[in-house]
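Heads up, the thing below is written out as structure tokens.
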Amino acid sequence: MVLLLIVDGANVVGSVPDGWWRDRRGAAERLRDGLVPLAEEGISGRPGPVEVVLVVEGRARGVGSVPGVRVEDAPGSGDDRVVELVRENAGRSAVVVTADRGLRERVEALGAEVVGPRAVRRG
Numbered sequence: 003m004v005l006l007l008i009v010d011g012a013n014v015v016g017s018v019p020d021g022w023w024r025d026r027r028g029a030a031e032r033l034r035d036g037l038v039p040l041a042e043e044g045i046s047g048r049p050g051p052v053e054v055v056l057v058v059e060g061r062a063r064g065v066g067s068v069p070g071v072r073v074e075d076a077p078g079s080g081d082d083r084v085v086e087l088v089r090e091n092a093g094r095s096a097v098v099v100t101a102d103r104g105l106r107e108r109v110e111a112l113g114a115e116v117v118g119p120r121a122v123r124r125g
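By the numbering used here, the letter at position 117 of the sequence shown is numbered 119, and the numbering carries on one by one without gaps.
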């Protein structure tokens, strides 16, 4: 079964102080576009193909999906949506990209692996 890669968009975008707060939607779109190659390449020694899901919240909602990256709008907390996705895919190999310690604990308790934002940020 294809690995599920779930990206905590707000956390990954916020990991680089590049002015993202002035254009949250644009920052989410740049992240989404940067994730596209991972669908074929894979991540952290896990070869592709990989199903990539980017979870966005707040002002970043409404960023559309593109081939290779499905974008999920969190109706509330992005962290809660990430946990729901892991739960919905129980029994499947899942990797969550976040530096959020609380989220890390929640998804690891459900059996997901966690990697930090550097695993997907380039440059």
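Where is the CB? At the ideal position from N, CA and C, for every residue including glycine.
Secondary structure of residue i, DSSP reduced to three states
i	result
L105	helix
G113	coil
G125	Low confidence applies here, because G125 scores a pLDDT of 44, under 50, leaving its location unreliable; read the following figure in that light. In this structure, G125 counts as coil in the three-state DSSP scheme.
D81	helix
A96	strand
S17	coil
P39	coil
R64	A quick correction: the sequence has Gly, not Arg, at residue 64. It is coil, neither helix nor strand.
Residues of its chain near residue i, where Cβ-Cβ distance is below 8 Å and the 5 sequence neighbours each way are ignored
i	result
V85	L105, R108, V109 and L112
R72	E53, V54, V55 and L56
For residue i, the residue or residues it bridges with in DSSP
i	result
R72	V55
G44	P49
L6	E53 and A96
Own chain residues within Cβ distance below 6 Å of residue i, not counting five before or after
i	result
P119	V14, S17 and A101
Min CB distance residue i to chain B below 8 Å
i	result
M3	You won't find chain B in this structure, because it holds only one protein chain.
Spatially closest choice to residue i from the options, by CA coordinates
i	options	result
A121	A96, S46 and G64	S46
P39	W22, P69, A62 and M3	P69
Point to revise | Meets three-Cβ-pair contact criterion under 8 Å: the segment 27-41 and the segment 81-98 | key: No, they do not touch.
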